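Trainee: Numbering (this note's numbering), first residue to last: 1 to 89.
A virtual CB, placed ideally from N, CA and C, is assigned to each residue, including glycine.
On a predicted model such as this, the values are computed, not experimentally measured, just so you know.
Below, the structure written as structure tokens:
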């Protein structure tokens, strides 16, 4: 994979986050009737959330009600959230 420096990884994460903020303006968040609820997370042991956040923003842009549990969420927390929020998917 090659050599990477922590500072470069942090800068790319910051750039991705700021890029998403710019992209959100074109997603039309709030322009549609709410469709259904979706529950998303990253699994326990995974700290990477850029992909999850990207999918979440697209879902919100299409008026899904999003329950984002965050990163490193264990199975029990996920199952509890599903029981609490009752997503259709």
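Among the residues of its own chain, which have a CB less than 8 Å from the CB of residue 67, if the five just before and after it don't count?
Mentor: Same-chain partners within the cutoff: 37, 38, 39, 40, 81, 85, 87.
Trainee: Do you know offhand how far residue 33's Cα is from residue 14's?
Mentor: Their backbone Cα atoms lie some 31 Å apart in a straight line.
Trainee: How far does the beta strand (DSSP E) with residue 39 in it extend, from its first residue to its last?
Mentor: Element bounds for residue 39: 37-40.
Trainee: Pull the bridge partners of residue 43 from the DSSP assignment, please.
Mentor: DSSP lists 73 as partners of residue 43.
Trainee: With DSSP run on the structure shown, which of helix, strand or coil describes residue 49?
Mentor: Three-state result, residue 49: coil.
Trainee: Use the C-beta contact count for residue 64: other C-beta atoms within 10 angstroms, 16 or more gives buried, fewer gives exposed.
Mentor: Its Cβ being crowded by 16 or more others within 10 Å, residue 64 is buried.
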